[in-house]
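Here the sequence shown is numbered in the working numbering, starting from 9 and rising by one per residue. Think of the CB as a built atom: it goes at the ideal place given N, C-alpha and C, for glycine as much as any other residue. Fair warning: this is a prediction, and the values are worked out from it, not measured in the lab. I have placed the structure first, in the form of structure tokens, so that the comments after it can refer back to it.
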Amino acid sequence: LSQVVLSKFRHVGAHLEAKQRHELEALDARCSTLCFNAEQNINEDCSSVLLSAEELEGCAETFVQSLPEENGLKRCSLKAPVLVPILQRCGRSETRKKMMEASQQRCM
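In structure tokens, the structure reads:
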């Protein structure tokens, strides 16, 4: 138990001199800011993929009908409430792959 406690103190820089500890705190604050900004960018992203009803084969009919339509295609958001059901239930691997690739390229 004492090793765990000591490890946590070392992790936050307790063993460092004041100057080094301040540098570590500044780096930690910078990392926190970058993480927050990245999460905010992902949350604000409104990217979507247009798919035909056939490409959504295997998804619940009520789910497919709930998706906004554009030029005869369904607009599929990359946000979790739409993305997850498609990845879990869609019977076409090409569709799942298309959605996953689009999801991984958000905010790039």
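Asked                                                                                                                                                      : Found
For residue 84, report the span of its beta strand (DSSP E) as first-last.                                                                                 : 81-85
List the whole-angstrom C-beta distance separating residue 16 from residue 57, where the pair is believed to meet the contact cut-off of C-beta under 8 Å. : Residue 16 to residue 57, Cβ: 44 Å. No contact.
Tell me, please, which residues DSSP counts as bridged to residue 77.                                                                                      : 82
At a cut of 8 Å, does the segment 60-71 reach the segment 97-104 through at least three beta carbon pairs?                                                 : yes
Express the C-alpha separation of residue 49 and residue 39 in angstroms, rounding to a whole number.                                                      : 15 Å
Among 103, 110, 91 and 87, which has the Cα closest to the Cα of residue 51?                                                                               : 87
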